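Engineer: First to last, the sequence lines map onto chains A and B.
Using our numbering, you'd call the opening residue of the first sequence number 379 and step up by one each time.
Using our numbering, you'd call the opening residue of the second sequence number 23 and step up by one each time.
Note that CB positions come from ideal geometry on N, CA and C, so glycine has one too.
Keep in mind it's a predicted model, so treat the numbers as computed, not measured.
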Amino acid sequence: MSETGLRIYPSKPSKVYFYATCLLDLLDPDGGLAAIELIEREGVEVIWVEKQSCCGQPAYTSGYQEQAKTVALSQMGLFPKDYPIVVMSGSCAGMMFKHYPHLFANDDIYADQAEAFAERVFEFSEFLAHICRAKLHDQGPLTSVVLHTSCSGRRELGIHASSQALLSQLDKVELKKAEYESECCGFGGSFSLRHSEISQAMVEDKARHLQGSGASYLVSADWGCLANINGHLAYRGEASRFNGQHLASFLWQRTKGAKA
Amino acid sequence: MSVQHYQASQFKQQASDALANQTLRSNFRGAMDYLQQKRKDAFSDPQELAQLREHAENIRQRCLSKLPQLLEQLEKNCQANGIQVHWAEDAKQAQQLIAELIQSQGATKVVKGKSMVTEEIELNQHLEGLGIECVESDMGEYIVQLAKETPSHIIMPAIHKNKQQVADLFQQHIKDFDYTLSVDKLIQTGREALRTKFKQAEVGISGVNFAVAETGTLCLVENEGNGRMTTTVPPVHIAVTGIEKVVEFLSDVPPLFSILTRSATGQHITTYFNMISGPRRAPERDGPNEVHLVLLDNGRSQAYADEALRKTLQCIRCGACMNHCPVYTRVGGHAYGTTYPGPIGKIISPHLQGLAQTSDLVTASSLCGACEEVCPVKIPIPSLLQRLRHDAKLPAAEQTPSLKGQASAASWTEHTAWRMWAWLSTHPSIYNWAMAVGVKLAKYLPMPMGEWTRCRNKPELASQTFHQTMKRRASKSLTRSATGGGR
Ligand code: SF4
Chain A
379 MSETGLRIYP SKPSKVYFYA TCLLDLLDPD GGLAAIELIE REGVEVIWVE
429 KQSCCGQPAY TSGYQEQAKT VALSQMGLFP KDYPIVVMSG SCAGMMFKHY
479 PHLFANDDIY ADQAEAFAER VFEFSEFLAH ICRAKLHDQG PLTSVVLHTS
529 CSGRRELGIH ASSQALLSQL DKVELKKAEY ESECCGFGGS FSLRHSEISQ
579 AMVEDKARHL QGSGASYLVS ADWGCLANIN GHLAYRGEAS RFNGQHLASF
629 LWQRTKGAKA
Chain B
23 MSVQHYQASQ FKQQASDALA NQTLRSNFRG AMDYLQQKRK DAFSDPQELA
73 QLREHAENIR QRCLSKLPQL LEQLEKNCQA NGIQVHWAED AKQAQQLIAE
123 LIQSQGATKV VKGKSMVTEE IELNQHLEGL GIECVESDMG EYIVQLAKET
173 PSHIIMPAIH KNKQQVADLF QQHIKDFDYT LSVDKLIQTG REALRTKFKQ
223 AEVGISGVNF AVAETGTLCL VENEGNGRMT TTVPPVHIAV TGIEKVVEFL
273 SDVPPLFSIL TRSATGQHIT TYFNMISGPR RAPERDGPNE VHLVLLDNGR
323 SQAYADEALR KTLQCIRCGA CMNHCPVYTR VGGHAYGTTY PGPIGKIISP
373 HLQGLAQTSD LVTASSLCGA CEEVCPVKIP IPSLLQRLRH DAKLPAAEQT
423 PSLKGQASAA SWTEHTAWRM WAWLSTHPSI YNWAMAVGVK LAKYLPMPMG
473 EWTRCRNKPE LASQTFHQTM KRRASKSLTR SATGGGR
């Protein structure tokens, strides 16, 4: 696990805020619902703040710090109570956890607020595994799955470990490993457009390695990577069942009906 | 000798050519896999690694924080040891200075150990123009020199070549070469060719890995013994280094040395570690009569002046960041068109060449963080890339020029687009409405997805947004509670 991934976790709260992220908003509302069901099953109340939009990462990685700050500030203001904020994507959680404090480091007014906000940010699988300490009871048939984790999630939060921990609780699911597991899928936001040929070489390799694992399902806790990998699988006409889904959807499908 | 010229400003085209070259790609992938494994084996204990990195980072930061003072101390102590110290502000000055030193000896035959800083100032080309032969004495460097190329990696300059390509080069350039693909025999051939050059050389040029201010000692890390030959056989030795290579104490060297070699090639120590503390003294029987040290700035003080960018100078040039970079692994070193390729190249080159030339380099990263994860001195390369992206895009009005080429990639259209995006993202009701309309109309809207769809289908949008889904869910549960129902 990356050094930054080592966090001391608080005990299970009674309420959390839910941060869907812009990609989940547009691409996968069902993944969001699945996550909410999973959290609620742990006895935690989920608060949905309708005014949320995007964490600001696209502007930040493109070099538009002022715009990223404007958006970050507006998001920070939406979660006034001190409940944890559960984020549905590793890279957005990484943005809020690591880069918000960085963005406002020299800001007299907001530096402390950004620090305090970051402390409350947890990625979904991290929250479920380490704070809820969820016990999952597998209800599905025998199958196998391969996990893809985003680089920022992996290196800024260590969430590949929490996703793995959750999946390995499913006793009828074999967790397969892909070669070059920790290598980037080539998305990187605007990188995939600005340097599309390099990005293509990366996503081609990633898709090949994931399929080479022989798993039946692909899951990820990050919609950025999934949009990239799924888009490529579909382009090759190989989407079908292997098309990646959010970890939350997979966990919920396997365990719904089971008691917490 | 006209070296094949690659340019940072042509990165995209060069990368595209490299991607199409299957031999090059498999050479790189194989070599990088090997080096990654070697590094992994050398650091089997993650806790020890974390400590070593922290220690190394502290040393580098401490030394950089007193850079001007340490450089003065280095100069004084080198001089006390009999080393003559020279300062060069840019590449041109360094070229001239070194050429004059060589010419003042009446020398025309020079050997040079592996040194990236002399690549940076294009020393070979300059000397050749003056009729001075400068032969590379490191095997990899010798190979790329024969091929009229520049190094494609900072530690392994010829890593892009396989043995067949090397054998072909030797066939062309070395007399009486008995064609072979045996690596041992190839190395033997190269070594024999170089032996003659060492004997004839009147001046030896080397780089420096660490320059110790406390004692005026120049440390040189190498594996082949060519560095020792270069610095001891010819009567004159000229060492060239970037100003950031200075360390405060002799005791700073062992921790840096150990983490350098393990990060680079997975070796715990190298075959040779040279500590040069002056010219030959009275009863000594070998070593040069003169030792010179050239201290090169060439844009480094620009990086030094900014507290965040200063971290760039922590680099000890181990190459681990490139070995682990998914972009470097696929396009190789030449595509970058810079002396230092890969992640470190993307953050140091803007200081050497300016942001205008290198603005494509700073965006050519998915910010995956593999470089930062392996860097032995913990340089936050992704954050520095983001900083440089920002500086390249600064709108002209906000420009506070401290970086060469700042605002060179500013674009009114792009800036306006991001302003609109920020406005939309901070106006929730309009945002939600726009997204909801977006997912409904996506099928009919022309989306500028050209680069995306080169190898991917358009993303399939949901039939309603999560915001809409949650609204429905809320009203459902309201109805449920109103009618006394539950889940
Ligand atoms: S940036 Fe770090 S990893 Fe890269 S060459 Fe320098 S010291 Fe090595």
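Say whether the segment 455-469 of chain B touches the segment 457-469 of chain A, bearing in mind that this needs 3 or more beta-carbon pairs closer than 8 Å, one atom from each stretch.
Structural biologist: The segment 455-469 of chain B is not in contact with the segment 457-469 of chain A.
Engineer: For a contact meaning CB atoms closer than 7 Å, what does B:H412 contact in chain A?
Structural biologist: Those are G441, Q443, listed as they occur along chain A.
Engineer: Compare the beta carbon distance of A:G410 and A:S627 with 7 Å and say whether it is the shorter of the two.
Structural biologist: Result no, Cβ atoms of A:G410 and A:S627 do not sit closer than 7 Å.
Engineer: Would a check of beta-carbon distances place B:S381 closer than 7 Å to chain A?
Structural biologist: B:S381 does not count as touching chain A.
Engineer: Just to confirm, are B:L383 and B:F65 a CB contact at a threshold of 7 Å?
Structural biologist: No; because the gap between Cβ atoms is not below 7 Å, this pair is not in contact.
Engineer: Can you pull the chain B residues whose beta carbon is under 8 Å from the beta carbon of A:N606, in chain order?
Structural biologist: What A:N606 touches in chain B: R478.
Engineer: With distances taken from CA atoms, which of A:F475, A:S577, A:R619, A:I509 is nearest A:S392?
Structural biologist: A:S392 has its Cα closest to that of A:I509, out of A:F475, A:S577, A:R619, A:I509.
Engineer: Can you give the Cα-Cα distance for A:C603 and B:I265, rounded to whole angstroms?
Structural biologist: Straight-line Cα distance between these residues: approximately 41 Å.
Engineer: By the DSSP assignment, the alpha helix (DSSP H) with B:C156 in it spans what residues?
Structural biologist: No alpha helix (DSSP H) holds B:C156; the beta strand (DSSP E) holding it covers 155-158.
Engineer: Any idea what DSSP makes of B:G226, helix, strand or coil?
Structural biologist: In the structure shown, B:G226 sits in a strand (DSSP, three-state: E or B).
Engineer: Per DSSP, which residues does B:V243 bridge with? Please list them.
Structural biologist: DSSP lists B:F295 as partners of B:V243.
Engineer: Are the CB atoms of B:V258 and B:V230 within a distance shorter than 7 Å?
Structural biologist: No.
Engineer: Return the CA-CA distance between B:Q186 and B:G153, expressed in angstroms with no decimal places.
Structural biologist: For B:Q186 and B:G153, the distance between alpha carbons rounds to 32 Å.
Engineer: Can you tell me whether B:T438 is helix, strand or coil according to DSSP?
Structural biologist: Note: B:T438 maps to helix in three-state DSSP.
Engineer: Looking only at its chain, what residues have a beta carbon closer than 8 Å to the beta carbon of A:G590, apart from the 5 residues adjacent to it on each side?
Structural biologist: Excluding positions up to five away in sequence, the list reads A556, E557.
Engineer: Quick one: is A:P403 near chain B, going by C-beta distance under 7 Å?
Structural biologist: Per the sequence shown, the amino acid found at residue 403 of chain A is Asp instead of Pro. With 7 Å as the cut-off, A:D403 counts as an interface residue toward chain B.
Engineer: Might you give, ordered along the chain, the residues of its own chain that have their beta carbon closer than 7 Å to the beta carbon of B:A78, omitting 5 neighbours on each side?
Structural biologist: Excluding positions up to five away in sequence, the list reads P277, L278, I281, P398, V399.
Engineer: Check the C-beta distance from A:A431 over to B:P450 and give it rounded, since I have them as a contact under 8 Å.
Structural biologist: The sequence as given places Ser at residue 431 of chain A; Ala does not occur at that position. Confirmed, Cβ separation roughly 6 Å.
Engineer: Note the first and the last residue of the continuous beta strand (DSSP E) segment covering B:L318.
Structural biologist: Start and end: 312-318.
Engineer: Quick one: does the C-beta of B:V269 sit closer than 6 Å to a heavy atom of the ligand SF4?
Structural biologist: Checking the Cβ of B:V269 against the ligand SF4 gives no.
Engineer: Does the Cβ of B:A223 lie closer than 6 Å to at least one heavy atom of the ligand SF4?
Structural biologist: Because no heavy atom of the ligand SF4 lies under 6 Å away, the Cβ of B:A223 does not count as near it: no.
Engineer: Along the beta strand (DSSP E) that carries B:A405, what are the first and last residues, could you check?
Structural biologist: The residue you asked about is not Ala; residue 405 of chain B is Ser in the sequence shown. From DSSP, B:S405 is part of no beta strand (DSSP E) but of the alpha helix (DSSP H) over 403-415.
Engineer: Interface residues of chain A around B:K415 at Cβ under 8 Å?
Structural biologist: Correct list: S440, G441, Y442.
Engineer: Leaving out the 5 sequence neighbours to the left and right, which residues in its chain are closer than 8 Å to A:T382 when beta-carbon positions are compared?
Structural biologist: Note that A:T382 has pLDDT 41, beneath the 50 cutoff, so the model's placement of it is unreliable and no number is given.
Engineer: Using beta-carbon positions only, say whether B:A223 and B:V133 come within less than 7 Å of one another.
Structural biologist: Yes, Cβ-Cβ distance for B:A223 and B:V133 is below 7 Å.
Engineer: Name, going along the chain, the residues of the segment 430-454 of chain B whose beta-carbon falls closer than 9 Å to a beta-carbon of chain A.
Structural biologist: Going along the segment 430-454 of chain B in chain order, one finds A431, E436, H437, W440, R441, W443, A444, W445, L446, S447, T448, H449, P450, S451, Y453, N454 with a Cβ nearer than 9 Å to chain A.
Engineer: Does at least one heavy atom of the ligand SF4 sit under 6 Å from the Cβ of A:C433?
Structural biologist: No, the beta carbon of A:C433 sits no closer than 6 Å to any heavy atom of the ligand SF4.
Engineer: Nearest chain B C-beta to A:Q631 closer than 7 Å, yes or no?
Structural biologist: No, its Cβ sits nowhere closer than 7 Å to a Cβ of chain B.
Engineer: A:G602 versus chain B: which residues are under 9 Å apart at the beta carbon?
Structural biologist: Within 9 Å Cβ-Cβ: nothing; A:G602 doesn't reach chain B, min ~10 Å.
Engineer: Counting only beta-carbon atoms, is B:A37 nearer than 7 Å to chain A?
Structural biologist: With 7 Å as the cut-off, B:A37 counts as an interface residue toward chain A.
Engineer: Using C-beta distances below 6 Å, list every residue in its chain close to A:F620, excluding the 5 sequence neighbours before and after it, in chain order.
Structural biologist: If we look at A:F620 and ignore the five residues flanking it on each side, its Cβ neighbours are L596.
Engineer: For the beta strand (DSSP E) that contains A:K447, what are its first and last residues?
Structural biologist: Segment 443-454 is the alpha helix (DSSP H) holding A:K447; no beta strand (DSSP E) there.
Engineer: With DSSP collapsed to three states, give me the class of A:T382.
Structural biologist: Below a pLDDT of 50, predicted positions are generally treated as unreliable, and A:T382, at 41, falls in that range; the measurement from the model is reported next regardless. Reduced to three states, the DSSP call for A:T382 is helix.
Engineer: With distances taken from CA atoms, which of B:L317, B:G247, B:S48 is nearest B:F295?
Structural biologist: Closest option to B:F295, Cα to Cα, is B:G247.
Engineer: Establish whether the CB of A:K513 and some CB of chain B are separated by less than 7 Å.
Structural biologist: Answer no: the Cβ-Cβ gap between A:K513 and chain B never drops below 7 Å.
Engineer: Among B:A378, B:K62, B:G376, B:G341, which has the Cα closest to the Cα of B:N363?
Structural biologist: In the sequence on display, residue 363 of chain B carries Pro and not Asn. Looking at the Cα atoms, B:G341 is the closest of the given residues.
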